[in-house]
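Mapping of the sequence shown onto UniProt numbering: position 95 corresponds to residue 95, and the numbering continues sequentially without gaps.
Where is the CB? At the ideal position from N, CA and C, for every residue including glycine.
Quick caveat, the model's predicted, so the values are computed rather than measured.
First comes the structure, then the notes that go with it.
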Amino acid sequence: MYAVNRRLVHLLVISLLSLAGCGVRSEAEPRDFDPPPGPQPIIVTSTPSTPAGGTDAEPLYFVRTDRLVAVIRRIRAAPTVQQQMEHLLAGPTEAERLAGLSSTLNGNIDVEGVSLTAGRATVAVGDDSDLSGRTDDVLAFGQIVCTLTARPDVATVSFQSDGETLGVPRADGQLSTSGLTAADYTALTAPA
1 MYAVNRRLVH LLVISLLSLA GCGVRSEAEP RDFDPPPGPQ PIIVTSTPST PAGGTDAEPL
61 YFVRTDRLVA VIRRIRAAPT VQQQMEHLLA GPTEAERLAG LSSTLNGNID VEGVSLTAGR
121 ATVAVGDDSD LSGRTDDVLA FGQIVCTLTA RPDVATVSFQ SDGETLGVPR ADGQLSTSGL
181 TAADYTALTA PA
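Here you go:
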């Protein structure tokens, strides 16, 4: 019986000594080491990341095959009405152009500025604007009206040239001098 207990004690002592020699030794200073070769684990955080462009949505209307198409861009902060107009006038991004979007504003309407008073955006256009009532003119005005009325602070859009109210074409071809809304261009708007 003593022989069995003695063997068991020896086995236990040898096991403990073997285990004591394994592991990482303590060091006074930390040191760098290279990770082992092979695939590395992917670290996942529980916090969702912010979209690359930002968290605020900026709707802009561009044209694809004679239809107005809404594009939502993600930006860091909500733009002013003037900033949103500048973004629209800059035209579609390269990715948007590759997706078939274009703008009819370039060369048709010379937008000098936009102001906002009591829910009505007033767009000032220059004398050299080509306002012949062609389809691309209608689409150009539709781009502006639909973009601006997509904002929560804009109910209607009107146009002026040299301080005088300007009659602009709606989707039905009729000229309007009153405040326009996106509903005036629904016949030209592509379904969502």
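Asked	Found
Ser176 Cβ short of 8 Å to the ligand SAM heavy atom set	This structure lacks the ligand SAM, and indeed carries no ligand of any kind.
Span of the beta strand (DSSP E) around Leu60	Asp56 to Arg64
Cross-strand partners of Ile75 (DSSP beta bridge)	Asp56
Contact check, Leu188 vs Val138, beta carbons under 9 Å	yes
Contact the region 140–152 vs the region 70–83: 3+ CB pairs below 8 Å	yes
Closest Cα partner of Glu164 within the set Ser178, Arg170 and Asp56	Ser178
Nearest residue (CA-CA) to Thr104, options Ser158, Ile144, Glu94 and Gly126	Ile144
Cβ-based burial, Arg7 [other Cβ within 10 Å; buried from 16]	exposed
Reference Pro191, options Glu96, Ala28, Arg67 and Leu60, closest by Cα	Arg67
Own chain partners of Pro59 with C-beta closer than 6 Å, once the 5 adjacent residues on each side are dropped	Ala70, Ile72 and Ala150
C-alpha gap between Cys146 and Ser161, whole angstroms	20 Å
Neighbour-count burial assignment, Ile43, 16 or more Cβ in a 10 Å radius	Model confidence at Ile43 stands at a pLDDT of 47, short of 50, so the residue's coordinates are unreliable and nothing is read from them.
Option nearest Asn108 by Cα separation, candidates Pro92, Glu94, Gly119 and Val125	Val125
Nearest-angstrom beta carbon gap, Arg120 and Ala155 [assumed within contact, 8 Å]	7 Å
Beta bridge counterpart(s) of Pro169 as assigned by DSSP	Leu175
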